[in-house]
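Student: Structure incoming, see below.
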Amino acid sequence: MLKCRVIPILTFNGFGLVKTKQFAGNPRMVGNAIQVAKVYNSRNVDELVFLDIYASDKNRKMNLQMAKLIVNQCFMPVALGGGIKNLKDIEDLLAIGADKVVLKSKIIDNPEFINEASYVYGNQCITVSLDAFKKEDTYYLYNRLDKEIEFFSFLENLKKYNFGEVILTSVNNDGMMNGFDIELVQRVEKILNVPIVVSGGAGNPEHFKELFAKTNIEAVAASSIFHFTRYTPRDLKLAIQSVGKPVRLVEKDFIPIN
Amino acid sequence: MKIAIIKYGMGNVASVKKAIDKLGFTSIITNNITEIKNSDVILLPGVGSFKKGMENLNKENLVEVLKDEVLFKKKPFIGICLGMQLIATNGTEPENVKGLGWIDGDVIKIESPQKFRIPHLGWNTLKTKNNNNFYKEFNNKDVYFIHSYHFKAKYIQEVTMSVNYDIEMVAALQKNNIYAMQFHPEKSQEVGVHLLNKILTQYAKV
Numbered sequence: 466m467l468k469c470r471v472i473p474i475l476t477f478n479g480f481g482l483v484k485t486k487q488f489a490g491n492p493r494m495v496g497n498a499i500q501v502a503k504v505y506n507s508r509n510v511d512e513l514v515f516l517d518i519y520a521s522d523k524n525r526k527m528n529l530q531m532a533k534l535i536v537n538q539c540f541m542p543v544a545l546g547g548g549i550k551n552l553k554d555i556e557d558l559l560a561i562g563a564d565k566v567v568l569k570s571k572i573i574d575n576p577e578f579i580n581e582a583s584y585v586y587g588n589q590c591i592t593v594s595l596d597a598f599k600k601e602d603t604y605y606l607y608n609r610l611d612k613e614i615e616f617f618s619f620l621e622n623l624k625k626y627n628f629g630e631v632i633l634t635s636v637n638n639d640g641m642m643n644g645f646d647i648e649l650v651q652r653v654e655k656i657l658n659v660p661i662v663v664s665g666g667a668g669n670p671e672h673f674k675e676l677f678a679k680t681n682i683e684a685v686a687a688s689s690i691f692h693f694t695r696y697t698p699r700d701l702k703l704a705i706q707s708v709g710k711p712v713r714l715v716e717k718d719f720i721p722i723n
Numbered sequence: 601m602k603i604a605i606i607k608y609g610m611g612n613v614a615s616v617k618k619a620i621d622k623l624g625f626t627s628i629i630t631n632n633i634t635e636i637k638n639s640d641v642i643l644l645p646g647v648g649s650f651k652k653g654m655e656n657l658n659k660e661n662l663v664e665v666l667k668d669e670v671l672f673k674k675k676p677f678i679g680i681c682l683g684m685q686l687i688a689t690n691g692t693e694p695e696n697v698k699g700l701g702w703i704d705g706d707v708i709k710i711e712s713p714q715k716f717r718i719p720h721l722g723w724n725t726l727k728t729k730n731n732n733n734f735y736k737e738f739n740n741k742d743v744y745f746i747h748s749y750h751f752k753a754k755y756i757q758e759v760t761m762s763v764n765y766d767i768e769m770v771a772a773l774q775k776n777n778i779y780a781m782q783f784h785p786e787k788s789q790e791v792g793v794h795l796l797n798k799i800l801t802q803y804a805k806v
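These protein sequence lines are chains A and B, in that order.
Just so you know, this note's numbering puts the end of the first sequence at 723, numbered straight through with nothing missing.
Just so you know, this note's numbering puts the end of the second sequence at 806, numbered straight through with nothing missing.
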């Protein structure tokens with residue numbers, strides 16, 4: 466049976482790991498990316514997502530040397546994203562060992578880029594990141610291009626394109642640790658038939674129970690909960706398991722890698 | 601023992617080499633025919649579409665040398681993900697394409713009757729088939745899959761492990777010196793690295 470995935474997201478500012486609240490400025494420094502990747506590898510997390518969150522704003526590329534050091538710590542799948550503008554950028558990330566690349570800013574104006582990328586590299590490695598911002602009962606696609614884009618009309622158009630996965634983030638809940646936006650997830654899961662990774666709002670195991678009991682998604686990503694609380698990915702998997710969903714609890718039958 | 605990891609522009613070679621390095625085996629990433637001939641084991645990784653994979657193997661002039669080494673000289677071969685699919689008779693991604701044809705079967709799109717989400721992505725459980733002794737210790741272990749197409753094998757006795765995602769699919773195949781797996785052992789932490797080690801150690805004495 467396919468297991469529900471719990472995925473730590475590492476957000477990077479070009480120098481170190483940072484954590485945002487509602488995507489706002491003044492992110493808090495939370496540590497050294499390579500050390501953190503090493504810890505997650507030893508904890509057998511299901512997957513890791515590493516995002517350079519200011520690359521597009523600052524019009525720069527991801528630091529490939531840094532990304533490579535992180536990927537080298539990992540014997541699980543890693544998705545890399547930030548500042549991807551063309552096929553060469555994707556190729557560079559795959560060459561250092563990324564299993565998936567995360568597209569965001571580029572596809573707002575040019576969703577056709579999704580198909581160009583998946584034609585060359587296969588849709589399994591093309592993950593699309595969608596950030597939803599709720600204002601007065603309407604969801605908008607969060608962007609830093611000063612555009613007002615209604616989230617669900619964007620999604621209806623986007624589903625025609627050939628990508629392999631979506632990371633769905635509630636901007637309102639990002640870093641607030643007050644629970645997931647269940648309504649958003651329920652609406653999106655009806656529209657898309659690719660795997661969906663839900664992100665934004667994880668604060669304690671009860672939030673995971675609610676998400677997995679009320680929706681049929683199979684993956685969840687989180688960040689603050691791992692930086693600022695005592696909970697480990699394993700604790701959250703036990704919570705997900707308690708509402709009847711399958712998770713991967715690693716028993717060390719074989720000799721550890723590191 | 602030297603392992604040739606075939607470079608043909610279909611990604612993922614770095615991760616495979618990293619796992620092999622960790623196990624202490626010598627490997628090279630190569631598309632050089634002499635280096636492939638001089639190797640003791642051939643490993644074909646890869647992600648992407650079947651058609652592009654065959655095109656690239658042809659473009660690099662690798663089809664003949666691979667066939668020669670693996671089918672005729674019986675050099676141990678490990679195919680991973682797309683590298684497993686390409687040894688089928690036929691592929692269908694995105695249209696009908698002839699494969700290497702080393703193990704009989706077709707690579708077809710995953711059709712889930714209950715409309716499970718595609719790709720089949722994440723950690724799923726291996727089931728050992730045909731009372732296979734070599735793979736017995738991997739029964740009920742979770743490994744990482746990511747694919748939208750699957751290998752429909754013609755002969756059930758060549759299937760060593762299967763996986764269930766609404767339908768039962770091939771997870772691993774074996775025919776003589778040919779080992780093939782749909783999942784990514786290099787991304788499956790201890791379980792995957794252990795499986796690679798088990799296959800390679802058999803040939804390490806030379």
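The beta-carbon is built from N, C-alpha and C at its ideal position, and this holds for glycine as well.
Measure the beta-carbon distance from Met541/A to Asn580/A and round it to whole angstroms, keeping in mind my assumption that it falls under 8 Å.
Tutor: Rounded, the Cβ-Cβ distance is 28 Å, inconsistent with contact.
Student: Using only CA atoms, which one of Glu577/A, Gly640/A, Ser570/A lies nearest to Ile614/A?
Tutor: Ranking Glu577/A, Gly640/A, Ser570/A by Cα distance to Ile614/A puts Ser570/A first.
Student: Who are the Cβ neighbours of Arg609/A in its own chain at under 7 Å, not counting the five residues just before and after it?
Tutor: The residues are Asp522.
Student: Grab me the residues of Ile555/A's own chain with a C-beta within less than 7 Å of its C-beta, minus the 5 sequence neighbours each way, in chain order.
Tutor: Closer than 7 Å at the Cβ level, and outside the excluded window around Ile555/A, lie Ile549, Val566, Ala582, Tyr586.
Student: Count the C-beta pairs between the stretch 616-624 of chain A and the stretch 651-660 of chain A that are closer than 8 Å, then say yes if the count reaches three, no if not.
Tutor: Touching, yes.
Student: Check distances from the C-beta atoms of the stretch 775-805 of chain B to those of chain A and list, in chain order, the residues that come in under 7 Å.
Tutor: Taking 7 Å as the Cβ-Cβ cut-off against chain A, the residues of the stretch 775-805 of chain B that qualify are Lys787, Gln789, Glu790, Val791, Val793, His794.
Student: Helix, strand or coil, according to DSSP, for Gln774/B in the structure here?
Tutor: Of the three classes helix, strand and coil, the one that applies to Gln774/B here is strand, per DSSP.
Student: With DSSP as the reference, identify every bridge partner of Glu613/A, one or two as the case may be.
Tutor: According to DSSP, which records beta bridges pairwise, Glu613/A is partnered with nothing at all.
Student: Inspect the CB distances between the stretch 633-652 of chain B and the stretch 680-695 of chain B and report whether three or more fall short of 8 Å.
Tutor: Segments in contact, yes.
Student: Whether or not the stretch 787-797 of chain B and the stretch 684-691 of chain B are in contact is what I'm after, with contact meaning three or more pairs of Cβ atoms, one per stretch, closer than 8 Å; do they touch?
Tutor: Flag = no, the stretch 684-691 of chain B and the stretch 787-797 of chain B do not touch.
Student: Quick one: which residues of the stretch 563-587 of chain A get their C-beta closer than 7 Å to a C-beta of chain E? List them in chain order.
Tutor: This model lacks chain E altogether; the protein chains it does include are A and B.
Student: Applying the 10 Å Cβ sphere with the 16-neighbour rule, what's the burial state of Lys652/B?
Tutor: Lys652/B comes out buried.
Student: Contact check, Leu796/B vs Leu671/B under 8 Å by CB: the rounded distance?
Tutor: Contact flag wrong, Cβ pair sits at about 22 Å.
Student: In its own chain, which residues sit with a C-beta less than 7 Å from the C-beta of Cys539/A, not counting the 5 before and 5 after it?
Tutor: Counting only Cβ-Cβ distances below 7 Å, and skipping sequence neighbours, we find Ala502, Asn506, Leu513.
Student: Is DSSP giving Ser762/B helix, strand or coil here?
Tutor: Strand, per DSSP.
Student: Quick check: the Cα distance between Ala772/B and Leu558/A, rounded to an integer number of angstroms?
Tutor: Approximately 28 Å, taken between the alpha carbons.
Student: Using beta-carbon positions only, say whether Ser664/A and Ala687/A come within less than 9 Å of one another.
Tutor: Yes, Cβ-Cβ distance for Ser664/A and Ala687/A is below 9 Å.
Student: Val653/A to Asp574/A, Cα distance in whole Å?
Tutor: Going from the Cα of Val653/A to the Cα of Asp574/A covers about 21 Å.
Student: Check for me: the alpha helix (DSSP H) holding Arg470/A runs from which residue to which?
Tutor: That residue, Arg470/A, is in no alpha helix (DSSP H); its beta strand (DSSP E) goes 470-477.
Student: Does the stretch 743-760 of chain B come within contact of the stretch 718-730 of chain B, defined as at least 3 CB pairs closer than 8 Å?
Tutor: They touch, by the three-pair rule.
Student: In whole angstroms, give me the CA-to-CA distance for Asp564/A and Pro473/A.
Tutor: Rounded to whole angstroms, Asp564/A to Pro473/A spans 15 Å at the Cα level.
Student: Give me the chain A residues within the contact set of Tyr765/B, using Cβ-Cβ distance strictly less than 9 Å, ordered along the chain.
Tutor: Ordered by position in chain A, the residues that pass the 9 Å Cβ test against Tyr765/B are Met466, Leu467.
Student: List, in order along the chain, the chain A residues whose C-beta lies closer than 8 Å to that of Lys747/B?
Tutor: Inspection of the sequence shows that residue 747/B is occupied by His rather than by Lys. Chain A residues near His747/B: Gln589.
Student: Just the C-alpha distance for Phe783/B and Arg695/A, rounded to the nearest angstrom, thanks.
Tutor: If I take the Cα positions, the gap works out to 33 Å.
Student: Show which residues of chain B have a CB atom less than 9 Å away from the CB atom of Val659/A.
Tutor: Within chain B, the residues near Val659/A are Arg717, Ile718, Pro719, Leu721.
Student: Considering only C-alpha positions, which residue in the set Leu657/B, Ile710/B, Asn739/B, Asn764/B is nearest to Leu700/B?
Tutor: Closest by alpha carbon: Leu657/B.
Student: Measure the beta-carbon distance from Asn478/A to Pro492/A and round it to whole angstroms, keeping in mind my assumption that it falls under 8 Å.
Tutor: With 8 Å as the limit, Asn478/A and Pro492/A qualify as a contact, their Cβ atoms being about 6 Å apart.
Student: So, for Tyr735/B: in the same chain, excluding its five sequence neighbours on each side, which residues have a beta-carbon less than 6 Å away from its beta-carbon?
Tutor: Excluding sequence neighbours, Tyr735/B sits near Thr728, Thr760, Met761.
Student: So Phe540/A contacts chain B; which residues on that side make the cut at Cβ distance below 9 Å?
Tutor: Neighbours of Phe540/A on chain B, chain order: Ser615, Lys618, Ala619, Lys622, Glu786, Lys787, Ser788, Gln789, Glu790, Gly792, Val793.
Student: Who are the near neighbours of Glu768/B in its chain, counting only those whose CB is closer than 7 Å to its CB and skipping five residues on each side?
Tutor: The residues are Ser762.
Student: Cβ of Asn681/A within 8 Å of any heavy atom in the ligand SAH?
Tutor: Judged by which ligands are present, the structure shown has none, so any question about the ligand SAH falls away.
Student: What separation, rounded to the nearest whole angstrom, lies between the Cα atoms of Met494/A and Asp700/A?
Tutor: Rounded to whole angstroms, Met494/A to Asp700/A spans 24 Å at the Cα level.
Student: Output, in sequence order along the chain, the residues in the stretch 504-520 of chain A whose CB is closer than 7 Å to any CB in chain B.
Tutor: Hits within the stretch, in order: Asn509, Asp511.
Student: Report the neighbours of Leu610/A on chain B: residues whose CB is nearer than 7 Å to its CB, in chain order.
Tutor: By Cβ distance, chain B contributes nothing, its closest Cβ being about 30 Å from Leu610/A, past 7 Å.
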